[in-house]
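Visitor: Have a look at this one before I ask anything.
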Amino acid sequence: MGFNMRYLDLKRKIRNVRMLAIQGIAEAGSGHPGASFSAAEIMGTLYFRKMNHSPSKPDWQERDYFINSKAHSAPGYYATLAVSGYFPAEEIKTLRKLGSRLQGHPVRYSERQRDHSVPGVEYSGGSEGIGLSVGVGIALASRLDGKKNRVYVLIGDGESNEGQIWEASMAAGKFKLDNLVAVLDRNRIQQDGFTEDIMPLDPTKEKWAAFNWNVIEIDGHKVEQFVDALNKARQAHDKPTLIVANTIKGNGIRHMANNPQWHGKAPTKKHTPVLLEELESEYFIAPSIIAGERENYEDKIKKVEREGVDMIHLDVMDGRFVPNITFFADTIKKLRPRTSLPFDAHLMIENPLEHIQDYIDARCDIITVHAEACTPDEFAQIKDKLLAAGISPGIAINPSTDVPDWLYEHLRDLDVMIVMSVNPGFAGQKFIPEVLPKMVSINKKLRDHGFMGYIEADGGIDASTLQQVYDAGARILVAGNAVYGNVDIHGAIIQLRHKATVALERRLLEHASRLGIRADWMKARKHILIPYANELGIEGELHAAK
Amino acid sequence: MQLSSERKIADMRGAYGDTLVELGKQNERIVCVGGDTTESLKTKKFGDKYPDRMFNVGIAEANLVSIAAGLAIAGKIAFASTYAAFIPGRCMDQIRNAICYPFLDVKLVVSHGGLTVGPDGASHQQIEDLASMRAIPNMRVVVPADAISVRHLIIKMASTPGPFYARLARPSSDIVYAEDSDEGLFEFGRGNILRDGSDATIIACGLMVGRSLEAAETLREKGISCRVVDMFSIKPIDAALVEKCARETGAIVTAEEHNIIGGLGGAVAEASAERYPVPVRRIGVRDIFGESARDEEIDSLLDKYGLNVSEIAKAVLEAKSKSRK
Chain A
776 MGFNMRYLDL KRKIRNVRML AIQGIAEAGS GHPGASFSAA EIMGTLYFRK
826 MNHSPSKPDW QERDYFINSK AHSAPGYYAT LAVSGYFPAE EIKTLRKLGS
876 RLQGHPVRYS ERQRDHSVPG VEYSGGSEGI GLSVGVGIAL ASRLDGKKNR
926 VYVLIGDGES NEGQIWEASM AAGKFKLDNL VAVLDRNRIQ QDGFTEDIMP
976 LDPTKEKWAA FNWNVIEIDG HKVEQFVDAL NKARQAHDKP TLIVANTIKG
1026 NGIRHMANNP QWHGKAPTKK HTPVLLEELE SEYFIAPSII AGERENYEDK
1076 IKKVEREGVD MIHLDVMDGR FVPNITFFAD TIKKLRPRTS LPFDAHLMIE
1126 NPLEHIQDYI DARCDIITVH AEACTPDEFA QIKDKLLAAG ISPGIAINPS
1176 TDVPDWLYEH LRDLDVMIVM SVNPGFAGQK FIPEVLPKMV SINKKLRDHG
1226 FMGYIEADGG IDASTLQQVY DAGARILVAG NAVYGNVDIH GAIIQLRHKA
1276 TVALERRLLE HASRLGIRAD WMKARKHILI PYANELGIEG ELHAAK
Chain B
16 MQLSSERKIA DMRGAYGDTL VELGKQNERI VCVGGDTTES LKTKKFGDKY
66 PDRMFNVGIA EANLVSIAAG LAIAGKIAFA STYAAFIPGR CMDQIRNAIC
116 YPFLDVKLVV SHGGLTVGPD GASHQQIEDL ASMRAIPNMR VVVPADAISV
166 RHLIIKMAST PGPFYARLAR PSSDIVYAED SDEGLFEFGR GNILRDGSDA
216 TIIACGLMVG RSLEAAETLR EKGISCRVVD MFSIKPIDAA LVEKCARETG
266 AIVTAEEHNI IGGLGGAVAE ASAERYPVPV RRIGVRDIFG ESARDEEIDS
316 LLDKYGLNVS EIAKAVLEAK SKSRK
């Protein structure tokens, strides 16, 4: 990534969008969770980072436009607008109800529609296949006016059955609209089933390329890939850009994911708290490339990139703060163009303030410094520099260090808290189990004081310890030897994910039990739970759940 | 009322094209979207003059009107034009959802409305548009009687926010209004009494206005005093004028180049029924599809489908005979 997007803050906002959307849908008793979730990263990245827009002045003349052509993603769209600040988040509970501003399908805001819409909605969707044409019109007008703004249109793959999508596609090609970007939410599911069964769209890329579009394909849940694609779209001249975002319908709730039954169905209200916990429990696998052989970091990154890991953990050691030396900003700078994966730089160095600019310039996405290595004043300066550069700030503490008192005033701005579970300096150390209760109490204490970021577990994390740190509240899981110390990297990452999933499912089951809906939850989740039944000790129970 | 003193005909499309060029000069926000019929619609004149503001999107009407919606969202006043068979014939949904619901500045100005399309036949004879466009909330529907009306209505439309549907006819038509008619005659929601009378009222639109005036003249010879109204504004309809005519003349005949269901006849009958019920007779296509006719056969085509002077006169006599006045 390295695009100064404050990565973890973006991820958290998108998580909040999903949480808000599911509350709205559950409250309404109807709506489209699937489409809201497949497009959450697309809409979130546009609204929270890439688009120039102004929630306090929605009709600002120079704004970028977002046209939500697949308007059944309304709950996700509304939640995105709410998190952006267009209207109060509580209002999501009125979704689809009589008298609500949040209509089943969003309505273009105007004086006439002020009772049925919210400021910021540019387009009345609901009838499929129209929005791209509208985007073409806006792009033509913007170009005519010599504006520098961009027009983004979200379209669906089911929606692409509509002939008008292709009329608009042809027109955008003819008019060479390089200020227009269409994002295809390619979740492969439409109302009656899978798109390729109902009306095949493939070969999608070739079709759009044949219509004279610049086509980029990405994993639509990886914000870093999306940002990368949007930046590339800016380089395309005389051509509109289509971003084929391969997504998973219902992504975020495991039993809804990729399941056509959840295209337009609301979850039962009593499940909501458990669903919210699942969304809140999102975790990140961050392989640390100093583990194993020292050479060829780029190759190490490539090996895990194709496994779909979430970020790359970079352990910077200066031989002073810790006895070992690894690499510095110049190495990171060289690696940066090789991947779009976010860089999670962990600076185990003295005088971090003195060097911080080098790491900012190397375009890291998260930069964590050690509490032991800076004064309160130095940390304040570091944090300000990072925030100004759009980098997620983090702080790390060694196993024997407590959270310093001076950190509390920074908690709201802090994206990462690394609780070291080894004494830093070398790869391959043994996990210190005493860190677990410490992590639990830090997590609670920090949250009570306004911390909204992520606890990161670093040191000795492998298949045997991962569940414990996960249970203790860690959501960024740094794995070094557990990945690179293994010939079978693919298998190693699957195993780590498996362990995290077991921990997650156990927590959700416990939550369901506390709510008295355990049997019901197991029924809804049956197929998801089967592979974990043995480890969860629920084989008999699951068999009985019909 | 100043009516044209001499008998002459003029082309509505030509008037539209010229007016659009005039508007384009005054207002940079005016843009035009065409659909491979720009020569025929005379919007090409605008395109020749302002190539940056003319967008020909080919034969893709759903796309055409939706692009117009996008242009309007970004601050333009978008004129969208092709044949009535295709706008609104092919894009009711887009007009409803992308233009009317958000109340956008899109002006649908189409030609070839009604039967007088000529040799192209029933596929191109749009006789349902007034009914469908009238039924959409926020839409206003106008059918100008002649080239003079076209000019005034197009100018007014451009400066009035929100969507309009204006339907022009293909053939050149009788000039009804005086060349120097006051712009005040052309208010949306108002009809014009072109000829006064006391025994019955003919309320007409489009090409049928000229024929209605002729019918009134033939009836005068039979001693019947017939009022003639140009109801160019189908929606909003001038209900007050309908009521006034009902009260004062006791019988109403409507005349339009449209199916008798849901168009001008429907609108007038609704207004009369609610405000002051009197006998109403509707002249229009009697819920059947039309057919081809060469240009020189257009009058015969209208005769065959009952849209002529004698049928209007007959309907007036019939309505008057049922009148309680």
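Respectively, the protein sequence lines represent chains A and B.
Position in the first sequence (from 1) plus 775 gives the number in the working numbering.
Position in the second sequence (from 1) plus 15 gives the number in the working numbering.
Beta carbons: idealized from backbone N, C-alpha and C, even for Gly.
1. Give me the subset of the region 109 to 135 of chain B whose CB atoms are less than 9 angstroms from a CB atom of chain A, sorted by chain position.
2. If we call anything under 7 angstroms between Cβ atoms a contact, is Leu907(A) one with Ser935(A)?
3. Counting along the chain, where does the alpha helix (DSSP H) carrying Asp1074(A) start and finish?
4. Mind listing the chain A neighbours of Arg290(B)? Cutoff is C-beta to C-beta under 9 angstroms, in chain order.
5. What residues of chain B sit near Ile905(A), judged by a beta carbon separation below 7 angstroms?
6. Is DSSP giving Met780(A) helix, strand or coil here?
7. Any contact of the region 863 to 882 of chain A with the region 920 to 933 of chain A, i.e. 3+ C-beta pairs under 8 angstroms?
8. Using the three-state DSSP reduction, which class does Thr1016(A) fall into: helix, strand or coil?
9. Please confirm if Val36(B) has its CB atom under 7 angstroms from at least one CB of chain A.
10. Residues of the region 45 to 67 of chain B with a CB closer than 7 angstroms to any CB of chain A: list them in chain order, please.
11. Using the DSSP secondary-structure output, state which residues sit across from Asn1021(A) in a beta bridge.
12. For chain B, check one thing: does any of its Cβ atoms lie closer than 7 angstroms to the Cβ of Ala916(A)?
13. Roughly how many angstroms lie between the CA atoms of Ser81(B) and Gly900(A), to the nearest whole one?
14. Mind pulling the beta strand (DSSP E) runs of 3 or more residues that sit fully within the region 903 to 946 of chain A?
15. Can you give me the C-alpha to C-alpha distance between Glu37(B) and Ile905(A), rounded to a whole angstrom?
16. What does a CB cutoff of less than 8 angstroms around Glu837(A) pick up in its chain, not counting 5 residues either side in sequence?
17. By alpha-carbon positions, which one of Ile817(A), Val792(A), His847(A), Gly879(A) ends up nearest to Gly860(A)?
18. Give me the residue from Gln1156(A), Lys825(A), Ala1146(A), Gly879(A) with the minimum Cα distance to Lys845(A).
19. For Ser307(B) and Asp135(B), what's the separation of their Cα atoms in angstroms?
20. In terms of residue numbering, what span does the beta strand (DSSP E) encompassing Gly879(A) cover?
21. State buried or exposed for Thr58(B), treating a residue as buried only when at least 16 other CB atoms are found within 10 Å of its CB.
22. Roughly how many angstroms separate the alpha carbons of Leu955(A) and Asp108(B), rounded to a whole number?
23. Could you list which residues in chain A have their beta carbon closer than 7 angstroms to that of Gly90(B), in chain order?
24. Within the chosen definition, does the region 1081 to 1091 of chain A reach the region 1116 to 1130 of chain A through at least 3 CB pairs nearer than 8 angstroms?
25. So what does DSSP say about Glu271(B), is it helix, strand or coil?
26. So the alpha helix (DSSP H) Lys64(B) belongs to, where does it begin and stop?
27. Using the rule of at least 16 other Cβ atoms within 10 Å of the residue's Cβ for burial, across every protein chain shown, is Arg1289(A) buried or exposed?
28. Is there contact between the region 1160 to 1168 of chain A and the region 1128 to 1146 of chain A, where contact requires at least three CB pairs shorter than 8 angstroms?
29. To the nearest angstrom, report how far apart Gly278(B) and Val893(A) are at their CA atoms.
30. Using a cut-off of 7 angstroms between C-beta atoms, extract the partners of Val72(B) located in chain A.
31. With 16 as the cutoff for other CB atoms within 10 Å, does Thr1114(A) come out buried or exposed?
32. Leaving aside the five residues before and after Val911(A) along the sequence, list all residues of the same chain whose C-beta is less than 6 angstroms from its C-beta, in chain order.
33. Mind checking the region 867 to 891 of chain A against chain B and listing, in chain order, the residues whose C-beta falls within less than 8 angstroms of any C-beta there?
34. For chain B, check one thing: does any of its Cβ atoms lie closer than 7 angstroms to the Cβ of Ala943(A)?
35. Compare the Cα-Cα distances from Leu877(A) to each of Tyr822(A), Phe1226(A), Gly806(A), Phe778(A) and report the closest residue.
36. Check whether the Cβ atoms of Ile817(A) and Pro808(A) lie closer than 7 angstroms to each other.
Guide: On the basis of the supplied data:
1. Gln109, Arg111, Asn112, Ala113, Tyr116, Pro117, Phe118, Leu119
2. no
3. 1072 to 1080
4. Simply none; closest approach about 27 angstroms.
5. Ser81, Gln109, Asn112, Ala113
6. coil
7. no
8. strand
9. no
10. Asp67
11. Arg961(A), Asp994(A)
12. yes
13. 12 angstroms
14. 926 to 931
15. 31 angstroms
16. Asn827, Lys922, Lys923, Asn924
17. Val792(A)
18. Gly879(A)
19. 6 angstroms
20. Counting along the chain, Gly879(A) falls outside any beta strand (DSSP E), and DSSP gives it neither H nor E.
21. buried
22. 24 angstroms
23. Ala916
24. yes
25. strand
26. 59 to 64
27. exposed
28. yes
29. 36 angstroms
30. Ala946
31. buried
32. Ala943, Ala946, Ala947
33. Val882, Arg883, Ser885, Arg887, Gln888
34. yes
35. Gly806(A)
36. no
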